[in-house]
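Accompanying notes for the structure given below.
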Amino acid sequence: MPLVLSNTLSKKREKFIPLGKAVGLYTCGPTVYNYAHIGNLRAYVFTDILKRVLILDGYKVKHVMNITDVGHLTSDADQGEDKMTKGLQREGLPLTLEGMGKLAEKYTQAFKDDLDKLQILIPDFMPKASEHIKEDIELIGSLEKKKFTYKTSDGVYFDTSRLPDYGKLLGSDQQSDEEHARLKGKTEKKNPEDFALWKFNDSLGWEAPWGKGFPGWHIECSAMASKYLGKQFDIHCGGREHIAIHHTNEIAQSEAAFSKKPWVKYWLHNEWLVLGAGKKMAKSGDNFITLTALEKKGYDPLDFRYLCLGTHYKKPLMFTFEALEGAQKARRKLVDKVLELKDSESKESKTRQKKYLDAFGKDLDDDLNTPKALATMWEMLKDKTLSGKDKYSLLLKFDDVLGLDLNGAEKADVPKEVISLAEERQRAREKKDWKKSDELREKIAKLGYTVGDTKEGYEISQS
Ligand code: AMP
Ligand code: ZN
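When the letters of the sequence shown are read in order and numbered with this note's numbering, they come out as residues -14 to 448.
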């Protein structure tokens, strides 16, 4: 079965046919004014799965993920404050380019640590927006030559009325967008959808032919994508809120400047990670959870990766700690299985394994159906016709895509919390307080462990 992907541009599931030898893949990277939250990380786990499936299918992949360290305003539609400036104020750093660099460095490093912990393959290029100002200026210059731009008192804008197919990614009337409607008549823009290519700023910014300032967030992605992947490439990814504005504007300016249609062949968008009542987790909100916070609660980052794999990328991922606990149990069970099968001295048979390799590949080629692929994996582990070695071999092959570090699997340490509960239970037993001992056994069970009594005291195992 060929790889089939849901393309936001065509609004169809399409067979993947690359433009050339290596697949060009661009992912909108993080805005580094704060830590990434697990919603952002869901987006990057999704891109990582896509990349691993492409590799599994035999493609060479050239992956670019930018780092937005300037130019992203609090509203995607050119309104509000610069997010990096907000970060500088929050951390009491000077409002200078050096201050911005420091802030960006801190959160870029934290982001890279998160990628590492989640076994996300590091992109081939991670260009920083602040190091590509020259490319932005050149791109705006070429748009100016083609008469796609105009100047207002606060910046240089792209004239969307010059593109008859503006907004094709969203595919509905852009005018109906609430924010745009609100802005109508209140700005100097010619059309509500027009967007800033360059924003003037006397104090913070770079010199440009139009005046000192900084690039718009959209032009940064077009400039960096074309620098590393050329004027036309295969796949562009991001969260679904980017469809209406950021990616729509990237397409407009790139197709206008490069005269290549489509600029990008496949557009893939992940659904959000949401909290209770379907609320999107957002950096600007007060409800965000980081990967480090999960670790502090005793979870392995790969428990979160497993959780992500359990929901298709085009479906909302409802985050709860119960769901994360479920993922933790399943992943630990898997690790135990790997350790049990590792030393199997049985014989391997490629013929026996083929059925499951094919099924697993088919699941993933079906628009990256990771929940189905996980189900195939568990079904394989139950198959009595396979030898232990077959199962072990298959698990390692599956892990090339799942990225659960099964090759380096070690028995999970029993969390300190469980040990101290077991100790407390032991003391209760010594005092013959059977009621308390039972209550503590229950508590331990809720954490996924079983405590048994031995001559020496107690023994803990995973349930
Ligand atoms: P940002 O750092 O805000 O520019 O976002 C980085 C990436 O995370 C983008 O692709 C966003 O679309 C994505 N993203 C943001 N919030 C969520 C969320 N709650 N769930 C899934 N993806 C998200
Ligand atoms: Zn982008």
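From the three backbone atoms N, C-alpha and C, an ideal C-beta is built for every residue, glycine too.
In angstroms, rounded to a whole number, what distance separates the CA positions of residue i and residue j?
i	j	result
residue 322	residue 390	13 Å
residue 445	residue 436	5 Å
residue 160	residue 51	Unreliable placement is indicated for residue 160, whose pLDDT of 45 sits below 50; no coordinate value is reported for it.
residue 320	residue 277	22 Å
residue 209	residue 266	27 Å
residue 395	residue 30	22 Å
residue 271	residue 264	12 Å
residue -8	residue 76	40 Å
residue 459	residue 405	Only positions -14 to 448 of the chain appear in this structure, which leaves residue 459 out of reach.
residue 251	residue 236	12 Å
residue 206	residue 357	33 Å
Can you tell me whether DSSP reads residue i as helix, strand or coil?
i	result
residue 221	strand
residue 138	coil
residue 334	coil
residue 254	strand
residue 429	helix
residue 52	strand
residue 145	helix
residue 320	helix
residue 366	helix
residue 58	strand
Just to confirm, does residue i get its C-beta within under 7 Å of one of the non-hydrogen atoms of ligand 1?
i	result
residue 255	yes
residue 268	yes
residue 305	no
residue 27	yes
residue 258	yes
residue 437	no
residue 24	yes
residue 200	no
residue 15	yes
residue 357	no
residue 53	yes
Does the Cβ of residue i lie closer than 7 Å to at least one heavy atom of ligand 2?
i	result
residue 224	no
residue 293	no
residue 231	yes
Name, in chain order, the residues that DSSP records as bridge partners for residue i.
i	result
residue -2	-9
residue 21	According to DSSP, which records beta bridges pairwise, residue 21 is partnered with nothing at all.
residue 191	198
residue 445	436
residue 237	Paired residue(s): none; residue 237 is not in a bridge.
residue 88	Partner(s): none; residue 88 has no beta bridge.
residue 9	47
residue 288	According to DSSP, residue 288 bridges with nothing at all.
residue 183	141, 200
residue 110	49
residue 259	265, 303
residue 343	For residue 343, which the question treats as bridged, DSSP gives no partner whatsoever.
residue 249	218
_contact_flag[the stretch 38 to 52, the stretch 296 to 303] where n(CB pairs < 8 Å) is 3 or more_ = no
*Examine the Cβ distances between the stretch 23 to 33 and the stretch 326 to 346 and report whether three or more of them are shorter than 8 Å.*
no
*Inspect the CB distances between the stretch 361 to 376 and the stretch 1 to 9 and report whether three or more fall short of 8 Å.*
no
*asked:* Using a Cβ distance threshold of 8 Å, determine whether the stretch 216 to 231 contacts the stretch 181 to 188, with at least three qualifying pairs required.
replied: no
*Any contact of the stretch 82 to 91 with the stretch 106 to 126, i.e. 3+ C-beta pairs under 8 Å?*
yes
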